[in-house]
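Engineer: Input: one structure, supplied below.
There are 2 protein chains.
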Amino acid sequence: MGSRRSHPTILDVARAAGVSKSTVSNVVRGAAGISPDTRRRVLNAVELVGYRPNLVARHLVQRQTTTVGIVVGDLANPFYSELAKLVEQRLSAHRYTTMICNTDGSPENERTRVEALLEHRVAGIVMLQLSGDTDVVGELRSQQVPLVVVSCWEDGSNCVSIDDSAGAALAVGHLVELGHRRITYLSSSLVETRADADRLEGYERALAAAGLEATKATLRWERPAYLRSDPRILHELERVLASEDPPTAFFVSNDLVAVDLIEALEELGVRVPEDVSVVGFDDIALAGLARISLTTVAQPREHLAGLAVEILLERIEAHETLPFRQVRLAPRLIVRESAAAAVGTATALRAAPRTRSPRRTSA
Amino acid sequence: MGSRRSHPTILDVARAAGVSKSTVSNVVRGAAGISPDTRRRVLNAVELVGYRPNLVARHLVQRQTTTVGIVVGDLANPFYSELAKLVEQRLSAHRYTTMICNTDGSPENERTRVEALLEHRVAGIVMLQLSGDTDVVGELRSQQVPLVVVSCWEDGSNCVSIDDSAGAALAVGHLVELGHRRITYLSSSLVETRADADRLEGYERALAAAGLEATKATLRWERPAYLRSDPRILHELERVLASEDPPTAFFVSNDLVAVDLIEALEELGVRVPEDVSVVGFDDIALAGLARISLTTVAQPREHLAGLAVEILLERIEAHETLPFRQVRLAPRLIVRESAAAAVGTATALRAAPRTRSPRRTSA
DNA sequence: ATGAAAGCGCTAACAG
DNA sequence: CTGTTAGCGCTTTCAT
Chain A
1 MGSRRSHPTI LDVARAAGVS KSTVSNVVRG AAGISPDTRR RVLNAVELVG
51 YRPNLVARHL VQRQTTTVGI VVGDLANPFY SELAKLVEQR LSAHRYTTMI
101 CNTDGSPENE RTRVEALLEH RVAGIVMLQL SGDTDVVGEL RSQQVPLVVV
151 SCWEDGSNCV SIDDSAGAAL AVGHLVELGH RRITYLSSSL VETRADADRL
201 EGYERALAAA GLEATKATLR WERPAYLRSD PRILHELERV LASEDPPTAF
251 FVSNDLVAVD LIEALEELGV RVPEDVSVVG FDDIALAGLA RISLTTVAQP
301 REHLAGLAVE ILLERIEAHE TLPFRQVRLA PRLIVRESAA AAVGTATALR
351 AAPRTRSPRR TSA
Chain B
364 MGSRRSHPTI LDVARAAGVS KSTVSNVVRG AAGISPDTRR RVLNAVELVG
414 YRPNLVARHL VQRQTTTVGI VVGDLANPFY SELAKLVEQR LSAHRYTTMI
464 CNTDGSPENE RTRVEALLEH RVAGIVMLQL SGDTDVVGEL RSQQVPLVVV
514 SCWEDGSNCV SIDDSAGAAL AVGHLVELGH RRITYLSSSL VETRADADRL
564 EGYERALAAA GLEATKATLR WERPAYLRSD PRILHELERV LASEDPPTAF
614 FVSNDLVAVD LIEALEELGV RVPEDVSVVG FDDIALAGLA RISLTTVAQP
664 REHLAGLAVE ILLERIEAHE TLPFRQVRLA PRLIVRESAA AAVGTATALR
714 AAPRTRSPRR TSA
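This is how it looks when you write it as structure tokens:
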């Protein structure tokens, strides 16, 4: 009867119930047109032999899986892990399973991971990160594999993101209202090229609208320290602050980097927001802590995830190829305490003694 | 030749190369004993028709997949997302793909997600969370599906975790050395039952060793607010602090909750560490920020992940059933600034005016 | 309402 | 060294 160490199959059930394979298949799949009596017999047999459907066989014959891949740059980044969680949640509610791939931001990894997903014949892919260096998008399109790109814009594919430019303008507008006139944009490799460009554009637009000009030296941290201040970054920052006309505020394209920046500033003896203001982007959970209290541009994660899954499933379940859907959601400014009214801070750095973490003194 | 919208198969390659299916299969799989000439012809044909192996077919015939499931309680919890990332990384290096399931801590979800993994015939499962309310462990054993449980102990299965009891003792010992005599243990539903029990045990042991006794009211937050102070929790805390002999220090079984606790304390006007000390558990990235500076017990995540994968692959690739491997790693105390020397703080709460976030005053 | 038969794309003996 | 053959477990016409 039952195979030795292998799983019972539909055939074992059929024998136990005294029916044919197809009948078992029909009841297992809940197909219509089965006599109540047969149904119970089969169900009992299923229970009896401990049958569990083999999805790999089913997927082979159907030439279609119910697996979707999600590729993410860095799962340790709370913005992405939360997004991944939400996507998995919704996918699971629709009886799909999720394969996850972490690329570490490397195009090479991105390529091989997507390749693996394709070999697994995933029904669709959600990308939370897109290096841009590789043509995965084209590849997926040519393979007819539904793709939706989240939180960064990509022409020629489905995507759902926020209006990055408007978000940046919101942030910069806030800083301008607070009286800041020298605002530096700090970006990092943590955010996609396109999103970064859009945020930069919004930054420049908001500045122009206020009759200000962008700081010549837009900063970019290639390898952010990630919740840990890095000596090289400290030096760079020190140089910027020691310049002729140092910024009184920073608009940072990413909360994680904004928090790093605050760490670095305070390590240099510059207080936030008393001496310098900082506003971030994303609104990760961490930003809401009283001790961090980061003013930031919030992305509606639930909405992003919900739309992503909706768009993806729509394409997976459609029989024809649907036109792209590209949706932009509105960002929202969350005002907290990392940005305050501008004061004369031009000499902040030189005036402050360079001590480490001057914030707390022992009790 | 090429099928309409379906993928080219091994047969298409065979025809294009003028060889048989098996030959193609052999070269694709890199089997030995293929003439160099045939090999090139096949490889060219592969390129030509755009062939990509169908893993679902391969897995069906081999009756074994190269997919492993990882089930996690909450991907948004940085401790777990980082662990998940590390596991995926190592798995991927061994050419395995990862299916991820987020249970949200619900036993019901845990059951259905594991069921789905089983239907997918995953080669093995890594559990980063175990509700304990369901008998998944028994089920997996009876199905002969290799399982390794990480960061919590489970008799009767492979597991790798740290010595929770020793970790707790480390934390409490530190607090005792700082002069604290009334130390409360605060646990939460974020940590597994068994790990929680072990930490409690270590806490009591360390206290006993110092001739102290455990606070009567060991606190437990069932639904931690998660980086956001919750009114109910605030009340509970207020009650504890207003008691006859309030604690001067808290040992918290989880960093996230420790950070919540600090938030809540400060919201009540109690300063950390000046008035009350806090030590956490896990050492998530966040804990290292200067503004948080949480003294905590570190778990060697990389080591945990590495061992988990090693143990899992060992069982997957072994032909026989191997005996359980259960390994406990040593925890390490990371001393930062959230715990300081004990001072008379019995009246801290009553003395301090109840203001919100009194830490910063505007510039 | 149920069963028989033909594969899905691939691997794994086994022959030649 | 290469080809033939027989399935893996399931779904899906098509008969009955």
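If you read the protein sequences in the order shown, they are chains A and B. Counting with the working numbering, you get residues 1 to 363 for the letters of the first sequence. Counting with the working numbering, you get residues 364 to 726 for the letters of the second sequence. Just so it is clear, CB atoms sit at the ideal spot from N, CA and C, and this is done for glycine as well.
1. Does the CB of A/Ile-100 have a neighbour CB from chain B at under 7 Å?
2. With distance defined between alpha-carbon atoms, name the residue in A/His-303, A/Ser-253, A/Ala-340 nearest to A/Leu-83.
3. Any contact of the segment 642 to 656 of chain B with the segment 671 to 683 of chain B, i.e. 3+ C-beta pairs under 8 Å?
4. Would you say B/Leu-590 lies against chain A (beta-carbon separation less than 7 Å)?
5. Buried or exposed: which applies to B/Gly-487, given that a residue is buried once 16 or more other Cβ atoms fall within 10 Å of its Cβ?
6. Is there a Cβ from chain A that is less than 7 Å from the Cβ of B/Thr-460?
7. May I have the straight-line CA-CA distance separating B/Asp-559 from A/Ala-208, to the nearest angstrom?
8. Are the Cβ atoms of B/Ala-621 and B/Leu-657 separated by less than 7 Å?
9. For B/Gly-427, which residues from the same chain have a beta carbon less than 7 Å from its beta carbon, with the 5 sequence-adjacent residues on both sides left out?
10. Taking B/Asp-645 as part of the beta strand (DSSP E), name the residues at either end of that continuous run.
11. Within the segment 562 to 634 of chain B, note down every full beta strand (DSSP E) run reaching 3 residues or more, in order along the chain.
12. Which bits of chain B does A/Glu-119 rub up against, with CB to CB less than 8 Å?
13. Does B/Ser-444 come within less than 7 Å of chain A when only Cβ atoms are used?
14. If you compare alpha carbons, which of A/Asp-255, A/Pro-36, A/Thr-248 is closest to A/Glu-274?
15. So is A/Glu-317 in contact with chain B if we call contact Cβ pairs under 7 Å?
16. Does DSSP put B/Ser-656 in a helix, a strand or coil?
17. Can you give me the Cβ contacts of A/Glu-204 inside the same chain, cut-off strictly under 7 Å, excluding the 5 residues immediately before and after it?
18. Alpha carbon to alpha carbon, how far is B/Leu-670 from A/Arg-15? Give it in angstroms, no decimals.
19. Does the separation of the CB atoms of B/Asp-526 and B/Arg-421 fall below 7 Å?
20. Name the chain A residues that come within less than 8 Å of B/Val-622, Cβ to Cβ?
21. Kindly list, in the order they appear in chain A, the residues whose Cβ is closer than 9 Å to that of B/Glu-473.
22. What residue from B/Arg-415, B/Cys-522, B/Thr-386 has the CA that sits closest to B/Arg-402's CA?
23. Is it buried or exposed for A/Gly-50, if we count other Cβ within 10 angstroms and need 16 for buried?
24. Along chain B, in chain order, which residues have C-beta atoms closer than 8 Å to that of A/His-59?
25. Using a Cβ-Cβ cut-off of less than 7 Å, give me the residues of the segment 122 to 134 of chain A that come near chain B, in sequence order.
26. Taking all protein chains shown into account, do 16 or more other C-beta atoms lie within 10 angstroms of the C-beta of B/Arg-404, making it buried, or fewer, making it exposed?
27. If you count every other CB in all the chains shown that lies within 10 Å of the CB of B/Pro-716, and 16 or more means buried, which is it?
28. Using 10 angstroms around the beta-carbon of A/His-120, count the other beta-carbons present and answer buried if the total reaches 16, otherwise exposed.
29. Scan the segment 425 to 438 of chain B for residues whose Cβ lies nearer than 7 Å to a Cβ of chain A and list them as they occur along the chain.
30. Quick check: the Cα distance between B/Asp-498 and B/Gly-519, rounded to an integer number of angstroms?
31. For the putative contact between B/Val-615 and B/Phe-644, defined by C-beta atoms under 8 Å, what is the C-beta separation to the nearest angstrom?
32. Mind listing the chain B neighbours of A/Ala-116? Cutoff is C-beta to C-beta under 7 Å, in chain order.
33. Quickly, what does DSSP pair B/Ala-661 with across the bridge? List them, please.
34. Which residue from B/Tyr-589, B/Leu-628, B/Val-639 puts its Cα closest to that of B/Asn-617?
35. Buried or exposed for B/Gln-492, please, with buried defined as at least 16 other CB atoms from any protein chain shown within 10 angstroms of its CB.
36. Under the rule that 16 or more other beta-carbon atoms within 10 Å means buried, what is B/Val-424, buried or exposed?
Structural biologist: According to the structure data:
1. The count along the first sequence starts at 1 and reaches residue 100 of chain A at position 100. Residue-level contact check: A/Ile-100 touches chain B, since one or more beta carbons of chain B fall below 7 Å from its beta carbon.
2. Locating residue 83 of chain A in the first sequence gives position 83, where the first residue counts as 1. Nearest option by C-alpha distance: A/His-303.
3. Result no; under three Cβ-Cβ pairs closer than 8 Å.
4. Within the second sequence, residue 590 of chain B is the residue found at index 227, counting from 1. Yes, its Cβ sits closer than 7 Å to a Cβ of chain A.
5. Taking the first residue of the second sequence as position 1, residue 487 of chain B is located at position 124. By the C-beta density criterion, B/Gly-487 is buried, having at least 16 other C-beta atoms within 10 angstroms.
6. Translated into positions along the second sequence, residue 460 of chain B becomes position 97. Taking Cβ atoms only, chain A reaches closer than 7 Å to B/Thr-460, which makes this a yes.
7. One-based indexing of the second sequence puts residue 559 of chain B at position 196. One-based indexing of the first sequence puts residue 208 of chain A at position 208. When rounded, the separation of the alpha-carbon atoms in B/Asp-559 and A/Ala-208 is 56 Å.
8. Numbered from 1 along the second sequence, position 258 holds the residue referred to as residue 621 of chain B. Numbered from 1 along the second sequence, position 294 holds the residue referred to as residue 657 of chain B. Against a cut-off of 7 Å, the Cβ pair of B/Leu-657 and B/Ala-621 comes out as a contact.
9. Counting from 1 along the second sequence, the entry for residue 427 of chain B is found at position 64. Residue identity check: residue 427 of chain B is Gln in the sequence provided, not Gly. The beta carbon of B/Gln-427 sits closer than 7 Å to the beta carbons of Ala-486 from its chain, once the five residues preceding and following it are set aside; these are given in chain order.
10. Taking the second sequence and counting its residues from 1, one reaches residue 645 of chain B at position 282. It spans 640 to 645 - the beta strand (DSSP E) in which B/Asp-645 sits, taken as one unbroken run.
11. Listed in chain order, the complete beta strand (DSSP E) runs (minimum 3 residues) inside the segment 562 to 634 of chain B are 582 to 584, 612 to 615.
12. Here the question's residue 119 of chain A lines up with position 119 in the first sequence. Per Cβ cutoff of 8 Å: Arg-415, Pro-416, Asn-417, Leu-418.
13. By one-based count along the second sequence, residue 444 of chain B stands at place 81. It does: the Cβ of B/Ser-444 has a partner Cβ on chain A nearer than 7 Å.
14. Taking the first residue of the first sequence as 1, we reach residue 274 of chain A at position 274. Looking at the Cα atoms, A/Thr-248 is the closest of the given residues.
15. Taking the first residue of the first sequence as 1, we reach residue 317 of chain A at position 317. No, A/Glu-317 does not count as interfacial toward chain B.
16. Along the second sequence, read from residue 1 onward, the residue named residue 656 of chain B stands at position 293. Coil at B/Ser-656, not helix or strand.
17. For this step, residue 204 of chain A is matched to residue 204 along the first sequence. Within the same chain, A/Glu-204 has close Cβ partners Ala-214.
18. Residue mapping note: residue 15 of chain A aligns to position 15 of the first sequence, counting from 1. Residue mapping note: residue 670 of chain B aligns to position 307 of the second sequence, counting from 1. So the two alpha carbons sit approximately 43 Å from each other.
19. The count along the second sequence starts at 1 and reaches residue 526 of chain B at position 163. The count along the second sequence starts at 1 and reaches residue 421 of chain B at position 58. No; because the gap between Cβ atoms is not below 7 Å, this pair is not in contact.
20. Counting from 1 along the second sequence, the entry for residue 622 of chain B is found at position 259. Here the neighbours are Leu-289.
21. On the second sequence, position 110 is the one that residue 473 of chain B refers to. Contact of B/Glu-473 with chain A by beta-carbon distance below 9 Å is absent, the smallest such distance being about 12 Å.
22. For this step, residue 402 of chain B is matched to residue 39 along the second sequence. Ranking B/Arg-415, B/Cys-522, B/Thr-386 by Cα distance to B/Arg-402 puts B/Thr-386 first.
23. In the first sequence, counting from the first residue as 1, residue 50 of chain A sits at position 50. So A/Gly-50 counts as exposed.
24. Numbered from 1 along the first sequence, position 59 holds the residue referred to as residue 59 of chain A. Near A/His-59 (Cβ distances below 8 Å), the residues of chain B are Val-419.
25. Near chain B, meaning a CB-to-CB distance below 7 Å, no residue of the segment 122 to 134 of chain A qualifies.
26. On the second sequence, position 41 is the one that residue 404 of chain B refers to. When all chains shown are included, B/Arg-404 counts as buried.
27. Residue numbering aside, residue 716 of chain B sits at position 353 when the second sequence is read from its first letter. Any reading at B/Pro-716 must be qualified, since the residue scores a pLDDT of 42, below 50, and its modelled position is unreliable; the value itself is stated next. The residue is exposed, with fewer than 16 neighbouring Cβ atoms inside 10 Å.
28. Taking the first sequence and counting its residues from 1, the one referred to as residue 120 of chain A is at position 120. So A/His-120 ends up on the buried side.
29. The segment 425 to 438 of chain B vs chain A, Cβ under 7 Å: Arg-426, Thr-428, Leu-438.
30. Position 135 of the second sequence holds residue 498 of chain B. Position 156 of the second sequence holds residue 519 of chain B. Going from the Cα of B/Asp-498 to the Cα of B/Gly-519 covers about 12 Å.
31. Locating residue 615 of chain B in the second sequence gives position 252, counting from the first residue. Locating residue 644 of chain B in the second sequence gives position 281, counting from the first residue. Confirmed, Cβ separation roughly 7 Å.
32. As a first step, residue 116 of chain A is located in the first sequence; it is residue number 116 there, counting from the start. Per Cβ cutoff of 7 Å: Thr-460.
33. As a first step, residue 661 of chain B is located in the second sequence; it is residue number 298 there, counting from the start. Per the DSSP secondary-structure output, B/Ala-661 pairs in a beta bridge with B/Asp-645, B/Arg-695.
34. The count along the second sequence starts at 1 and reaches residue 617 of chain B at position 254. It is B/Tyr-589.
35. One-based indexing of the second sequence puts residue 492 of chain B at position 129. With 16 or more Cβ atoms within 10 Å of its Cβ, B/Gln-492 is classed as buried.
36. Position 61 of the second sequence, counted from the first residue, corresponds to residue 424 of chain B. Of the residues assessed, B/Val-424 falls on the exposed side of the cut-off, its CB having fewer than 16 other CB atoms within 10 angstroms.
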